[in-house]
Amino acid sequence: DQDTIAVSFLTADEMASTENLNQLELTFMYTHILKEILLDIEYSRKAIQNLTTYCRNIFTGNSMQLQIINEFEREYRPKKAIWWYTRECFTYKMLNEALRMLDADMIINMGFFIRHVHQHIQHLYKQQVSSYERKPFVVYRGQGLMKSDFEKLQKAKGGLISFNNFLSTSKNEKVSLSFARNASTKPDMVGILFIISIDPCLQSTPFASIKEESYCKEEDEILFSMHTVFQVGAIKQMDNNKQVYQVELQLTSDDDHQLRTLTDRIQEEVGSTTGWRRLGKLLLTIDEFDKAEEVYNVLLKQTSDEDEKSLYYGCLGHVKHEQGDYEKAIWYYEQGLDIKQKLLPSNHLLLATSYSNIGSVYNNKGDYATALSFYEKALEIKQKSLPSNHPSLTISYNNISGVYNNMGDYSKALTFYEKELEICHETLSSHHPLLATLYNNIGGVYKDMREYSKALLSYEKALEIRHESLPSDHPSLASSYSNVGNVYDIMGEYSKALSSYEKALEIRQKSIPSNHLLLATSYNNIGSVHNNMGDYTTALSFYEKALEICQEDLPSLATTYHNIGFVYHNMGEYSKAFSLYKKALEIRQKALPSNHPSLAISYNNIGGVYKDMGEYSKALSSYEKALEIRQKSLPPNHSSLASSYNNIGNLYDNTGEYSKALSYHEKALEICRETLPSTHPLLATSYNNIGLVYKDMGEYSEALSFFKKDLEISQKTLPSNHPSLATSYNN
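Heads up: the sequence shown begins at 144 in the numbering used here, then just goes up one per residue.
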């Protein structure tokens, strides 16, 4: 079918910026690497048996195709590859479907045949090239394009188009035009007559006249090998018919500068791995996890080598981790680890990698104690095997810092970040991007400690390094502006927060696709400032933009529903707020383990709505669920537990159960005193809450004593015009 051939488009802008491969069409990169892999791999006779076995399973019950499959198994030879390709049977149909659908299993089974067709074309090309007498000539192809693809083609004028299957063309313009006109009558289809100029003097993808080799001898066909790339020229409407266009294409040479730059960048990304592993690595790099899973499952099924099994289990663990399927990720990682433990000495660095990977999954599950134990095993191996300033140690220090930060043990988190910083200062230049990442992490700890001036200092160092070391529209600069904006937002300096967030958004709009999750993050951030400023309509408009983008990403979707719910909560529209908080909770229940800290946030939000609606027993039930999750998943002195105790305490204060209220607030205060600096805002919150209970009990001198402690901390830590100071003075 002329119209089902897969095509990729690259605009001139996409070719000019090769920084972010995720912005390029997957099919272009996939088929580029695929072609190289297929030409790189040597196949044995067993490959034919593998394909015929595979095909018999597909064509069970189809006696005609099964007969042809048997014939193929008996008689196929590489020099007959084009004859088999042009025959209307399973070979032609399956090969084109495999390349169109990018079906990893089918492609791997047909790999030898794709290679032989290419080599046959190449052989004929060498035989025929002298017959062109170095004179340029034109061939034609008529086909249909979906309207959405035609729009992409129009944008790609001056850029490139690649045909990802083998490309059949003709010297007969009339026959080709009839294909285009026929295609234009189909719904949502535009008829295209490609006019393809070829300069035989240029080294290019091989092509050949296959009249003598074809199953259909009467067709005068020029066949190009797979993944042929052309430059897109003029696009003109034909015969005043809006449904039929002629498009001029020029065959690119192998040394075309733009194409070479692009392909070199793709090679750089996949490194020196060979064969199908290269394809898997590319797919992991560009976040195409479903496709990567297909490739690695096929590789795992086909290998009996234990080393290779271990590698593929690790890759599948990575895939499942990224897909959020943590249980399967751990299972795959542990299968790989079991093999490594049998084959390698106990202090081998590959074991450290496995321990780190498993630790990362437990960290994302919210099981911080288990994550820490795996990270520590990895660190122990590295400390025995590597010099004390080896860059690999920084990865372990970073992982351990992150877990301690999640556990609320901020001083330990900072200790490990400082160890990492020491190595980075020794081994990296002062403006290396990795230093910026580290300062960002340190800023994050200070932010969680609510030491906002120190957080701001670290985030601004990161921003300064990135300004000096990265292009002005680099996505990492946007992350730095977001971090700075976040601190200003928390500090109540909303105009500064908005300015930083808008800079982040501007960079992201220039540097990443319009449906990228980081754009949703920017819209959420800007919405948050407007919410805090009481501009609820504007807040909602930004949150709605975020919602459009993050429909497929469950954690982001839950966060956005939470944010929109928060606005309605602030507006006093409790039923709407409740409905949105409930949606966020349901998504988190599907996507996360039952004791994940994010679930506690959802239960807290729902509890808050019930409290404001005066439904105190339901509020208490939700708050207690949040507390239970935090008690299971966090250390006993984590600041989030203090927040839960405060929420329950406030509820008992509202119901007049003052002794219970005091009991919970005192638990919160005890945690804050144990773990936080004496000027920490959460400590101020605890003093304020206890003051409120004493005020409601009529014990005014006690109340005043606690309110003054709250005010004293707030004066030291907040800007002079912060709304929380007004509350303190009021009390």
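The C-beta atom is built at its ideal place from N, Cα and C for all residues, glycine as well. Just so you know, these numbers come straight off a predicted model, no measurement behind them.
query, result
"Is L648 near L660, with beta carbons less than 9 angstroms apart?", "no"
"Identify which residue in S187, L194, L690 and I304 has its Cα closest to the Cα of F152.", "I304"
"To the nearest angstrom, report how far apart L784 and I543 are at their CA atoms.", "21 angstroms"
"Please list the terminal residues of the continuous beta strand (DSSP E) segment that includes G334.", "M332 to I341"
"So what's N500 in DSSP terms, helix, strand or just coil?", "helix"
"In this structure, how does DSSP classify Q389 when only helix, strand and coil are distinguished?", "strand"
"Beta carbon of L728, beta carbon of Y746: below 9 angstroms?", "yes"
"Between the Cα of L723 and the Cα atoms of G715, S737, A734 and I749, which residue gives the shortest distance?", "I749"
"Are the beta-carbon atoms of L209 and R220 separated by less than 9 angstroms?", "no"
"In angstroms with no decimal places, state the Cα-to-Cα distance between S829 and S786.", "9 angstroms"
"Nearest to M253 by alpha carbon, out of M244, I191 and S615?", "I191"
"Mapping the DSSP letters down to three states, classify A377 as helix, strand or coil.", "strand"
"Are there 16 or more other CB atoms within 10 angstroms of the CB of V441, so buried, or fewer, so exposed?", "buried"
"If the criterion is Cβ atoms closer than 9 angstroms, does the pair G502 and L515 meet it?", "yes"
"Out of curiosity, what's the CA-to-CA distance linking A701 and E231?", "50 angstroms"
"Does the Cβ of E364 have 16 or more other Cβ atoms within 10 Å, making it buried, or fewer, making it exposed?", "buried"
"Do N239 and N139 have their beta-carbon atoms positioned less than 9 angstroms apart in this structure?", "One cannot answer for residue 139 here, as it falls past the ends of the chain, which runs 144 to 874."
"For the stretch 249-266 and the stretch 320-338, state whether three or more C-beta atom pairs, one from each stretch, are separated by less than 8 angstroms.", "no"
"So L571 is in the alpha helix (DSSP H); what residue range does that whole segment cover?", "Where L571 is concerned, there is no enclosing alpha helix (DSSP H), given that its DSSP letter is neither H nor E."
"For L182, count the other beta carbons within 10 Å of its own beta carbon; 16 or more makes it buried, fewer makes it exposed. Which is it?", "exposed"
"Here's a check: name, in chain order, each residue in its chain whose Cβ is nearer than 7 angstroms to the Cβ of Y795, leaving out the five neighbours to either side.", "K803, A804 and Y807"
"What do you get for N383, buried or exposed, if any count of 16 or more other CB atoms within 10 angstroms of its CB means buried?", "exposed"
"Check whether the Cβ of L662 lies closer than 9 angstroms to any Cβ atom in chain C.", "Here chain C cannot be found, since the structure has a single protein chain."
"What are the start and end residues of the alpha helix (DSSP H) that includes S123?", "Nothing in the structure corresponds to residue 123, since the chain is present only between 144 and 874."
"Determine contact between the stretch 474-486 and the stretch 448-466, defined as no fewer than three beta-carbon pairs at a distance below 8 angstroms.", "yes"
"Nearest to S497 by alpha carbon, out of G509, E519, A512 and L620?", "E519"
"Of the residues F367, P530, T404 and L336, which one's Cα is nearest the Cα of F350?", "F367"
"Could you tell me the boundaries of the alpha helix (DSSP H) in which I365 lies?", "Segment E364 to F367 is the beta strand (DSSP E) holding I365; no alpha helix (DSSP H) there."
"Considering Cα atoms alone, identify which of V150, D342, K295 and E695 is closest to T371.", "V150"
"Look at the alpha carbon of R651 and the alpha carbon of L578, and state the distance between them as a whole number of angstroms.", "22 angstroms"
"Can you find the residues in the same chain that come closer than 6 angstroms, C-beta to C-beta, to Y679, ignoring five residues on each side of it along the sequence?", "V710 and M714"
"Any idea if S871 is buried or exposed, counting beta-carbon neighbours within 10 angstroms, 16 or more meaning buried?", "buried"
"Which class does M756 belong to by DSSP, given the choice of helix, strand or coil?", "coil"
"Can you tell which of G834, A720, T312 and E431 has its C-alpha closest to the C-alpha of T229?", "T312"
"Rounded to the nearest angstrom, what separates L742 and I378 at their Cα positions?", "54 angstroms"
"Mind listing, in chain order, the continuous beta strand (DSSP E) runs of no fewer than 3 residues lying wholly within the stretch 266-310?", "280-289 and 303-306"
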